[in-house]
Amino acid sequence: MKKTIIILLMLVSVLGRAQDVKFGKIDAQTLSQTQHPTDPEAAAAVLYREYKTEYVYSKSTDWFILVTEVFERIKIYNKNGLDAANKLVFLYVDNKDKEKIGSIKGFTYNLVGGKEEKTKLNDENIFQEKVSDFYNKASITPPNVKEGSVVDISYKVSSPFLWNIPELRFQEDIPVDKVVSEVVVPEYYIFKQHVKGMYPLTFNEKKSLRLVQLTGKVSGDAGLETGVQQTKMVSEKVSVNETTYYVSGENIPAMRDESFVSNIDNYRTAVRYELTGTKFFNSPYKMLSQTWNDVAKNMNEYENFGKQLSKTGYFKSDLASATAGIQDTLQKAVAIFSHVKQKMNWNQEKRLYTEDGLEKAYEKGSGNSGEINLILTAMLREAGLQANPVLVSTRSHGIPIFPTQQGFNYVVVNVITNQGSFLLDATEKFAVPNILPERAINWIGYMVKPDGTSESVNLTPKTPSKKVVYVSANLSSDGSASGKVRIQHFDQYAFNFRENHSRQNREQYLDYLENKVFTSDIVVDNYNLQNETDLSKPIIENFEFSKEDQCEIIGDKIYVSPLLFSSRQENPFKLEKRDYPIDFSFPAESQYLITINIPEDYTLESVPESVAFELPEGIGSYQYNITSRGNQVQIKLTSNIHAPLISSEGYVMIKNYYEQIVLKNKEPIVIKKI
Amino acid sequence: MTPLKNTLSALLLLLVATNASAQKSISYTRQNIPEALIVNANAVVRLSETNITMHSYKDMTVKSKRIVTILNDQGDRYQEAYIGYDPYVDIEFLEASIYDKNGQFVKKIKRKEFRDQSYGDGVSIYNDDRILFLSYTPTAYPYTLVFDSEYRTSTTAFIEAWYPLGGMYVSTQKSSYSINFEQPLPHRIKKSNLENNPIKDLSTPQSVQFEAENIAAVKPEGFAPTFTEMAPMVRVALNKFHLKGVDGQGDTWEDFGKWMYDDLLMASNDLPEASKVKIKTLVAGKSKMEAAKLVYEYVQENTRYVSVQIGVGGWKPMKASEVDRLGYGDCKALTNYTKSLMDAAGVASYYSVVYAGANSKKDIDEDFVAMQGNHVILAIPDEDDKMVWIDCTSQVHPFGFVGDFTDDRKVLLVKPEGGEIVKTVRYDPKDNYQKTEAEYRLNPDGSMTGLVEIQTRGTQYNDRFTLTQRTELEKESHYKEFWNYLNGLQINSIALENNKESVVFTEKVDVGCDSYATNVNGELIFCPNGFNQITSIPNRYRDRTMPLKLRRGYHDEDVFRIHLPEGYEIGSLPEGVSLINPFGKYEFELTQNPDGTLTYRREILRKEGVFPKEDYEAYRNFMKDVSRYDAAKIVLKKKRS
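Taken in sequence, the protein lines are chains H and W. Residue 206 in the numbering used here sits at position 206 of the first sequence, and the numbers go up by one each step. Residue 1500 in the numbering used here sits at position 500 of the second sequence, and the numbers go up by one each step.
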């Protein structure tokens, strides 16, 4: 019995092999396929992808280079999928070091009159260009691609960036049938594998020994002492222990972007390799980042990060005048924060490291996110406060999946005062303590402390940002309404308002308010804005409004939407299902306090019922209270979302919740002519 | 530090300081900007000088100076310190300096601090155009940027035009433009929208010279002509010119077209014999237009759009033989290839240069013979010599239908005997037609189920027919956005039919809605127009400054049959209406049928045209009325038993 099983297993594996995809050879069935077996709507699919990454010893450089071979087979099902055949490869450049692409080969297969027609990819189908100082681009455009085509492309990327094994992608915006990968790492480099995404992958590992012929020059260390360089040629065979990592995945569905997703890439099924240590000939094992503490320790030691923090000369006098006479630590922190915001101007670059050092940036008065917030850290520390840089990955950069400095691209500051700890980001002029620009509100940041330890910091605000709208309206019997509005924007809302509108001229803003905020035909008059520059207070907008068709007149009755023009009238979640979590960025609460006076010769016939409903686990709630007295109706509405990140399982619940809200918001008050 | 070093560094400091003050200040301050130029402006161009020297028909030097005061961060994009270049351009000089609001020197930016980047046009896989640009982070507003540049190029086919006004929200204090001819070179000058602007023409027979002073900033308005349609502009072109290594000529469209045909197209018309035979077999026995249609479909089946722009290739199509072999190309390549196939099929066709874009119907300027356009389509004269237009970059458009991408505008037709300006097909408002027929049933609980059938033609067809290629999820999303005023809408099924022969698209959608009607005190209130409401109203402008431009008309007809819920009767019906005005017409009516159902009929015709700015409010009121009538409600009462 056992034997049969073994034989069966062997057979299966042999069969498995036999079905292996070979570059340049294709079976008739694949070619004649007209739609994807599990996703019939797919415009194209990755039928197969193979990564092979290894360290190849290069005689010319005396050391390894990292070579990644990629082979993929794409099937085009319909015209929308034609672009999937074009392959773009981005190649990184760092001064003289650059990644290079080579051995580009390819075939396009078509079924012509029932027969396979094979077209070879040529040099004329390959274009390379310098995109910027940081990367080059190779574009491969296979010939003769049409509906039904299958395209094979293979290429090699050689990279001098030995610590940077390319990410293995198992998921695309088209279905992926099969991906196999092999990463061979010599004993000198120690990597850790990290997986993300929600589809299962298969992992295997193998140790082996390889003989490598090392040839080249070896410098004697006498050189340093005597000024005479001693070099000699060596040529020896060295046996190297290698680890091979195998990862494979099958039948991974297409990713489709959705609204309220911070960065779809966070959910992509992929594998990344983190360099955790090195162990070179005759050197001890050197640990790189492995824990967040290690990251912090390394960051502290970097010349263009931690080391910069100890230089204080360039800002000493500014610091003294900014903090003169202030004892209270919170006030001190605020004063320094204001100084840095005022002095430094963000060049829109999201960076971790300084480019030419903090002093230069300070002198210029402009810099990247790292420079500005490291200056802030240094000044806070110099003033005797406990302040630490916090490593952040912005929303567009995704969520870091393992402890590594490469996972981050942005810096904010954590400062401890007598009133507790605050997060600061001085890149924006209108920032206030604990209010970060939305780009930086992304999950968790990691503090880099002077002692080389790290601590995680939740970047999502704990308290909801508030918006309060007061409306006092008088209705006329012709269906029009007029009155006063007062809107208070707090916290994140105040920050966003200032960022977006306070530099706009007033008229431009009013056009925006009338046409984009209210969308219905409202005329705004006597507009007045308070606390535009006083960041400690909420933004307050006051204005008068009039609106012609506020109410619906039917017969002798008038139907009035109690929330007038100011509330949600459309469900943002319309689709029946969803794959990825809903991300509202920050917790929020809005309140509407509305008073409606109905015309003298009318009487109130009915008002909607007061209701309250809520989402489970305190995720959110909605309260609608309505009262009337004489010719006056008062509405108080409070709506909030306390948990800004909601899993996709909660989608239907959220959708229904908003549907209820929209329905409720639309229920009319009915008044009748006396 | 040793004392010596100290002295040295003190000396050095001194030197640096002297050097800095040597930069001195400039007289351009925030203070001395005339008030009128601040209105609506985020930036003020203080001085713009463009001096072009024509050394020969294939050698020109362009020297520019630009001084701009940026008032706020929205004005940063008017820094405009850049030079575009390609292998035929030598950048001779490039430098920028920053001054503060009082005109005090802040810093100098040298050429090496400019960024060098490929100039992506957004569609190309490869493009050899590059750009050197400055991205300066200001430390305070306002500030002034002085940018000096000079380049020399052999490409004279595009001579920098003069735009005395640089865009929206930017004003101009002084701008000048000159072209000096070192030898007489016959040329043409085209002036647009100079009237009503403070502009002086100081040209002499030997030189072109213009000056402008104090042009106020403009702000954008909806339903208005585009900026380029209104902006003052001077363009100059040489009768004989040079384009990326190729000589060109033409002072009439006829000559210019002849040059294009002979020098840019002829050599690319090299379809291999085998393919010719293939096409001949394909069209054997077919009439001319049938053959043309077969050829177009053949191209749609066998090629794809890939844009690669290198050298003169940016203007000259890739060879037909190459497209035949590779199965891809850009608009020029695919059009030229299709033309070659048409030739093989015995069908005459003409390569046609056009400005493509759905948002503005931009003409090839008939009065200005020069390189123009951004796209190429193909014209095929039918039996009556009427042009049938096809866009060879589309894999999906029906034969003879180009939609709103290239409709109703002047294009350059390149015939073997020369060029000719003709107009592409115009879709009359009546042709851009949508008919929506629905039958729906309202239930006592306020829910609704129904069947909607939408037929579209013309540009409305163009807006819809690609729905067939979308996924179910995308289709669901489309209808939920299309009918976004229906809360809780469910899409039960969708059937689409694209009739490419008659260019009619049919959508049949089975819908449901849990809360279509609102129950108020036992009465049901609902809007009879469930499936074609206009909910947006054109923006209100406190002070409208631009003419009203309605770009493309349309015509919708709707018939909805409504089954009322059991046990209810009509409480109140909105009264029908009929509006007619210069912008079009709108009407709706509700009728009660003998079987107890209601019929809602609606028609809207929106014309196209340009109207004086005073008419904007009237148009806005029209659309306001339409949206109000579209939202009119019916009240149903419970029947008294």
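In this text, a Cβ means the ideal position worked out from N, Cα and C, and glycines have one as well. In this text the structure is predicted, and so the values were computed from the model without any measurement.
Could you give the distance in angstroms between the alpha-carbon of W/D1630 and the alpha-carbon of W/K1435?
Taking the second sequence and counting its residues from 1, one reaches residue 1630 of chain W at position 630. Taking the second sequence and counting its residues from 1, one reaches residue 1435 of chain W at position 435. Whole-angstrom Cα-Cα distance: 16 angstroms.
Note down, in chain order, every chain W residue with its Cβ under 8 angstroms from the Cβ of H/N86.
Here residue 86 of chain H is taken as the residue at index 86 of the first sequence, counted from 1. Result: I1125, V1306.
Reducing DSSP to helix, strand and coil, say where W/D1129 ends up.
For the purposes of this step, residue 1129 of chain W is taken as the residue at position 129 of the second sequence. Residue state for W/D1129 is assigned as coil, using DSSP reduced to three classes.
So is H/A320 buried or exposed if we call it buried at 16+ other beta carbons inside 10 Å?
As a position in the first sequence, residue 320 of chain H is number 320, starting the count at 1. So H/A320 ends up on the exposed side.
At which residues does the beta strand (DSSP E) containing H/H501 begin and terminate?
Taking the first residue of the first sequence as 1, we reach residue 501 of chain H at position 501. Annotation: H/H501 is outside any beta strand (DSSP E); the continuous alpha helix (DSSP H) that includes it extends over 491-501.
From W/Q1183, W/Q1460, W/T1281, W/A1495, pick the residue whose C-alpha is nearest to that of W/Q1469; which is it?
Residue numbering aside, residue 1469 of chain W sits at position 469 when the second sequence is read from its first letter. Per the Cα distances, W/A1495.
Mapping DSSP to helix, strand and coil, what is H/Q530?
Against the first sequence, residue 530 of chain H aligns to sequence position 530. Here H/Q530 sits in strand by DSSP.
Within a Cβ cutoff of 7 angstroms, which residues of the same chain sit near H/Y559, ignoring the five residues on either side of it in sequence?
The residue you call residue 559 of chain H lines up with position 559 of the first sequence. So the list reads C551, E552, P668, V670, once near-sequence residues are dropped.
Consider the Cβ of H/E99: report whether some Cβ of chain W lies at a distance smaller than 8 angstroms.
Numbered from its first residue, the first sequence carries residue 99 of chain H at position 99. With 8 angstroms as the cut-off, H/E99 does not count as an interface residue toward chain W.
Can you pull out the residues from the stretch 1073-1088 of chain W whose beta carbon lies closer than 7 angstroms to at least one beta carbon of chain H?
Hits within the stretch, in order: D1073, Q1074.
What's the call for W/D1407, buried or exposed, on a 16-neighbour Cβ count within 10 Å?
The residue labelled residue 1407 of chain W in the question sits at position 407 within the second sequence. Answer is buried; the Cβ neighbour count reaches 16.
On the three-state DSSP scale, how would you describe H/G220?
Stepping through the first sequence from its first residue, residue 220 of chain H is reached at position 220. Any reading at H/G220 needs caution, since the residue's pLDDT is 39, under 50, leaving its predicted position unreliable; the model's value is listed next. If DSSP states are grouped into helix, strand and coil, H/G220 belongs with coil.
Opposite W/C1513 in the DSSP bridges: which residues?
By one-based count along the second sequence, residue 1513 of chain W stands at place 513. Answer by DSSP bridge pairing, in chain order: W/M1448, W/L1489.
On the CB-based measure, 16 or more other CB atoms within 10 Å of its CB, does W/A1632 come out buried or exposed?
Looking up residue 1632 of chain W in the second sequence gives position 632. The residue in question, W/A1632, is buried, as its Cβ has 16 or more Cβ neighbours within 10 Å.
Can we say the stretch 506-515 of chain H touches the stretch 441-460 of chain H, given the rule of at least three CB pairs closer than 8 angstroms?
no
Under the three-state reduction of DSSP, which class applies to H/N640: helix, strand or coil?
Translated into positions along the first sequence, residue 640 of chain H becomes position 640. Of the three classes helix, strand and coil, the one that applies to H/N640 here is strand, per DSSP.
Would H/E50 pass as an interface residue toward chain W - the criterion being a Cβ-Cβ separation below 8 angstroms?
By 1-based counting over the first sequence, the position of residue 50 of chain H is 50. Chain W contact via Cβ: absent.
Quick one: Cα of W/A1291 to Cα of W/V1283, how far?
Looking up residue 1291 of chain W in the second sequence gives position 291. Looking up residue 1283 of chain W in the second sequence gives position 283. Between W/A1291 and W/V1283, the C-alpha separation is close to 5 angstroms.
Report yes if the C-beta distance between H/F315 and H/Y362 is below 8 angstroms; otherwise report no.
Here residue 315 of chain H is taken as the residue at index 315 of the first sequence, counted from 1. Here residue 362 of chain H is taken as the residue at index 362 of the first sequence, counted from 1. Their beta carbons are under 8 angstroms apart, which means H/F315 touches H/Y362 by this criterion.
As a quick exercise: from H/I26, H/D62, H/T53, H/T61, pick the residue whose alpha carbon is nearest that of H/L47.
Numbered from 1 along the first sequence, position 47 holds the residue referred to as residue 47 of chain H. Ranking the options by Cα distance to H/L47, first place goes to H/I26.
Any idea if W/Q1309 is buried or exposed, counting beta-carbon neighbours within 10 angstroms, 16 or more meaning buried?
Taking the second sequence and counting its residues from 1, the one referred to as residue 1309 of chain W is at position 309. By the 10 Å Cβ count, W/Q1309 comes out buried.
Taking only three categories from DSSP, how would you classify H/R77?
By 1-based counting over the first sequence, the position of residue 77 of chain H is 77. The residue you asked about is not Arg; residue 77 of chain H is Tyr in the sequence shown. Coil.
Taking the alpha helix (DSSP H) that H/Q33 falls in, what are its first and last residues?
Counted from its first residue, the first sequence places residue 33 of chain H at position 33. Neither: H/Q33 is in no alpha helix (DSSP H) and is coded neither H nor E.
Locate the alpha helix (DSSP H) running through H/Y657, then write down its first and last residues.
As a first step, residue 657 of chain H is located in the first sequence; it is residue number 657 there, counting from the start. Start and end: 651-666.
Using a Cβ-Cβ cut-off of less than 9 angstroms, give me the residues of the stretch 1504-1515 of chain W that come near chain H, in sequence order.
D1514, S1515
Which residue comes first and which comes last in the beta strand (DSSP E) that contains W/R1111?
Counted from its first residue, the second sequence places residue 1111 of chain W at position 111. Note, W/R1111: premise wrong, no beta strand (DSSP E); not H, not E.
Does any residue of chain W bring its CB to less than 8 angstroms from the CB of H/D173?
Within the first sequence, the letter at position 173 stands for residue 173 of chain H. No, no contact with chain W.
Quick check on the burial criterion: 16 or more other C-beta atoms within 10 angstroms. Buried or exposed for H/D525?
Within the first sequence, residue 525 of chain H is the residue found at index 525, counting from 1. Under this definition H/D525 is an exposed residue.
In the DSSP assignment, the beta strand (DSSP E) including H/H194 goes from what residue to what residue?
Walking along the first sequence from the start, residue 194 of chain H turns up at place 194. Where H/H194 is concerned, the enclosing beta strand (DSSP E) stretches over 189-196.
If we require 4 or more residues per run, which alpha helix (DSSP H) segments fall completely within the stretch 1518-1548 of chain W?
none
Along the chain, where does the alpha helix (DSSP H) that runs through W/Y1143 open and close?
Position 143 of the second sequence, counting from 1, holds the residue named residue 1143 of chain W. DSSP places W/Y1143 outside any alpha helix (DSSP H); the residue lies instead in the beta strand (DSSP E), whose first and last residues are 1143-1153.
Let's test the definition: count the other Cβ atoms within 10 Å of the Cβ of H/P284 and tell me whether it reaches 16, buried, or not, exposed.
For the purposes of this step, residue 284 of chain H is identified with residue 284 of the first sequence, where counting begins at 1. That one is exposed.
Using the Cα positions of H/P675 and H/D265, report the straight-line distance between them to the nearest angstrom.
Since the first residue shown for chain H is 1 and the last is 674, residue 675 of chain H is missing from the structure and cannot be characterised.
With the cut-off set at 8 angstroms, would you say W/I1083 and W/S1149 are in Cβ contact?
Along the second sequence, read from residue 1 onward, the residue named residue 1083 of chain W stands at position 83. Along the second sequence, read from residue 1 onward, the residue named residue 1149 of chain W stands at position 149. Their beta carbons are under 8 angstroms apart, which means W/I1083 touches W/S1149 by this criterion.
Would you grab the beta carbon distance between H/Y622 and H/S648 for me? Rounded to a whole angstrom, and I think it's under 8 angstroms.
Position 622 of the first sequence, counted from the start, is the residue given in the question as residue 622 of chain H. Position 648 of the first sequence, counted from the start, is the residue given in the question as residue 648 of chain H. The pair is not a contact, with the Cβ atoms about 22 angstroms apart (cut-off 8 angstroms).
State the start and end residues of the unbroken alpha helix (DSSP H) segment that holds W/R1441.
Counted from its first residue, the second sequence places residue 1441 of chain W at position 441. That residue, W/R1441, is in no alpha helix (DSSP H); its beta strand (DSSP E) goes 1433-1442.
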